[in-house]
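Report on the following structure.
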Amino acid sequence: MDPSCFLPVLPVTQQRLNYIIIQRHGCARQEAAASGYRASRVRSHDRDVMAGPSPIPSLPPEPAACMERSPERRESALKFLIPVTSRHAIQKSGLSPVHSAVDGQSMQCLELLIDNGFDVNELLAEHLSENYGDKRMTALFFAVSNKDVLCTEILLKAGANPNLDPLNCILVAVRSGSYEIVRLLLVHNANVNCYFMLVNDTHFPSAIQYALNDEIMLRMLLNNGYQVERCFDCLHGDMYGGSFTWTTSEEVLPGWTSCVIKDTHFCDFITVSWMRHLIGKIIRVLVDYMDYVPICSKLKSILEVQNEWEEIQEIIGNPRQLKHLCRLKLRKLFGLERLQNLSSVKRVPVPPLLKSYLLYKEYDLYGKGLHFDT
1 MDPSCFLPVL
11 PVTQQRLNYI
21 IIQRHGCARQ
31 EAAASGYRAS
41 RVRSHDRDVM
51 AGPSPIPSLP
61 PEPAACMERS
71 PERRESALKF
81 LIPVTSRHAI
91 QKSGLSPVHS
101 AVDGQSMQCL
111 ELLIDNGFDV
121 NELLAEHLSE
131 NYGDKRMTAL
141 FFAVSNKDVL
151 CTEILLKAGA
161 NPNLDPLNCI
171 LVAVRSGSYE
181 IVRLLLVHNA
191 NVNCYFMLVN
201 DTHFPSAIQY
211 ALNDEIMLRM
221 LLNNGYQVER
231 CFDCLHGDMY
241 GGSFTWTTSE
251 EVLPGWTSCV
261 IKDTHFCDFI
271 TVSWMRHLIG
281 KIIRVLVDYM
291 DYVPICSKLK
301 SILEVQNEWE
311 EIQEIIGNPR
321 QLKHLCRLKL
331 RKLFGLERLQ
341 NLSSVKRVPV
351 PPLLKSYLLY
361 KEYDLYGKGL
371 HFDT
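Residue numbering for the sequence shown follows the working numbering, starting at 1 and increasing by one per position.
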């Protein structure tokens, strides 16, 4: 089964989001906010609604307050609603106003909610998450799927965890070709080696399958610690006729679940007829991130007719440069999390040129275009 079928979503309309929160009690106040009424007018409605012997409990801020077209009206309505709203009622509704602000792409509302202590890692209730084919749960997922760079950056800076959704945010961003969002996610420790939580049918981490025709994206993943070794881990034996040695112990991989359909190896994945023209370019890039490259017999038979085969054979048939081997060793000792955290790298007492080499900056095609200072 093709995992990409989980990426297209069936969006919940704004009206549906509104009805999730609007309920019988207190709806006059929230409808007034949704219509952009002034705070004084809202208070007047409040007094009418709240009249009676039994006070009506406050309800969550209306999502329409975050989706009103006028930014000024959105902020005005939200500023009034936040202090008079029960956080318990928000939790019971299953929909955080942070989700509504992000889904409405309202940066001002999002910042206001964060300033008032709303949790950026609040999860969508299960019965709401099930309305989406991708089972999204976090506000960050909404921002990434909307290709909203600003909201994505705000959420990540406020402490949003990029690894909470069943379908990891990094997979959505890579598939959509959103370079800046991918960069932001990786800087904030997105799991570049994640697998599909719903359907896992590859032996290698999932992200690379959406970057095979895009060297910029491919190198972004590899520079940030993608486990390239797993792309050469197969059962076909090496190009010299030897067999690979397999351990009997079962390896537990992050994100690997009991619903695995089959364990598709990378060589089987890229040697299908409609991808064969890419194999030479892909393998040439991958060898830049390895020491020994165990090209299997299946890959070799196809690579031999590729334009890049002569160069690949020259690289893998000779000892690698000592500086390259040292880089691989240092990156392994450094650890993926510290490599992705640029502030940690900057504190390492080594020359800037060595730091750049350690981070594969010569292969950072996206960063070169934007002149990132590392």
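Here a beta-carbon is modelled for each residue, glycine too, at the ideal position from N, C-alpha and C. Bear in mind the structure is a predicted one, so any value in this text is a computation, not a measurement.
Inset, instruction - Whole angstroms is fine: what's the gap from A101's alpha carbon to Y366's? - result: Cα to Cα, A101 sits roughly 30 Å from Y366.
Inset, instruction - Would you check if the distance between the CB atom of V120 and the CB atom of A160 is smaller than 7 Å? - result: A contact, by the Cβ cut-off of 7 Å.
Legend entry - Contact belief for I208 with L198 at Cβ below 8 Å, rounded distance in angstroms: Actually they do not touch by this definition, with Cβ atoms about 18 Å apart.
Inset, instruction - Indicate the three-state DSSP secondary structure (helix, strand or coil) for C234 in the structure shown. - result: Three-state DSSP puts C234 in coil, outside helix and strand.
Inset, instruction - Using a threshold of 7 Å, state whether the C-beta atoms of R284 and E310 are closer than that. - result: No. Outside cutoff.
Legend entry - Pairwise C-alpha distance: K332 and D288: Going from the Cα of D288 to the Cα of K332 covers about 15 Å.
Legend entry - 4 or more residues per run - each alpha helix (DSSP H) lying fully within the segment 184 to 227: Within the segment 184 to 227, the alpha helix (DSSP H) runs of at least 4 residues that lie entirely inside it are, in chain order, 215 to 223.
Inset, instruction - With 7 Å as the threshold, decide whether the Cβ of L218 is near any Cβ in chain D. - result: Among the protein chains of the structure shown there is no chain D, as only one such chain exists.
Legend entry - Where T152 falls: helix, strand or coil (DSSP): The answer is helix: DSSP assigns T152 an H, G or I state.
Legend entry - Check whether T152 and L113 have beta carbons under 7 Å apart: One thing to note: T152 has its Cβ no nearer than 7 Å to the Cβ of L113.
Legend entry - Buried or exposed by the 16-neighbour rule on C-beta atoms within 10 Å, applied to S301: By the 10 Å Cβ count, S301 comes out exposed.
Legend entry - Sub-7 Å separation of K147 and S106 beta-carbons: Between K147 and S106, the C-beta spacing is not below 7 Å.
Legend entry - Anticipated Cβ contact below 8 Å, N223 with Y363, distance rounded: Rounded, the Cβ-Cβ distance is 6 Å, consistent with contact.
Legend entry - Rounded distance between the beta-carbons of L150 and C169, thought under 8 Å: The beta-carbon distance between C169 and L150, rounded to whole angstroms, is 16 Å. This is too long to meet the 8 Å contact definition.
Legend entry - Rounded straight-line distance, which links the Cα of T264 to that of D201: Cα-Cα distance, rounded: 6 Å.
Legend entry - Beta-bridge pairing of T264 - partner residues as DSSP gives them: Paired residue(s): T202.
Inset, instruction - Give the single residue among E122, L186, F204, E126 whose Cα lies nearest to the Cα of T138. - result: When each option's Cα is compared against that of T138, the closest is E122.
Legend entry - Extent of the continuous alpha helix (DSSP H) run through C326: That run of the alpha helix (DSSP H) goes 322 to 334.
Inset, instruction - Report the residue from R327, N318, E215 whose alpha carbon sits nearest the alpha carbon of V293. - result: Out of R327, N318, E215, the CA that lies nearest to the CA of V293 is found in N318.
Inset, instruction - Check each candidate in Y226, N116, Q306 and name the one with the smallest Cα separation from G280. - result: For G280, the closest alpha carbon among the candidates Y226, N116, Q306 is that of Q306.
Legend entry - Proximity below 7 Å, CB of V192 to CB of G225: Yes; because the gap between Cβ atoms is below 7 Å, this pair is in contact.
Legend entry - Local Cβ density within 10 Å of R347, reported as buried at 16 or more and exposed below that: Under this definition R347 is an exposed residue.
Inset, instruction - Note down, in chain order, each residue of its chain lying with its Cβ closer than 8 Å to the Cβ of P376, except the 5 sequence neighbours on either side. - result: For residue 376 there is no data in the structure shown, the boundaries of the chain being 1 and 374.
Inset, instruction - Could you work out which residue in R327, D291, K135, I312 is closest to L167 when comparing CA atoms only? - result: L167 has its Cα closest to that of K135, out of R327, D291, K135, I312.
Inset, instruction - Please report how far the alpha carbon of L328 lies from the alpha carbon of R320, in whole angstroms. - result: Near 11 Å, if we compare the C-alpha coordinates of R320 and L328.
Legend entry - Which of helix, strand or coil DSSP assigns to P166: Under the three-state reduction of DSSP output, P166 falls in the coil class, being neither helix nor strand.
Inset, instruction - Apply the 10 Å Cβ neighbour rule to R219 and answer buried if 16 or more other Cβ atoms are within range, or exposed otherwise. - result: R219 comes out buried.
Inset, instruction - Going by CA-CA distance only, name the one from L235, C267, A89, D233 that's closest to L212. - result: The option with the nearest alpha carbon to L212 is C267.
Legend entry - Contact check, V172 vs S145, beta carbons under 7 Å: Closer than 7 Å, so yes.
Inset, instruction - Report yes if the C-beta distance between E337 and N189 is below 7 Å; otherwise report no. - result: Taking 7 Å as the Cβ cut-off, E337 and N189 qualify as a contacting pair.
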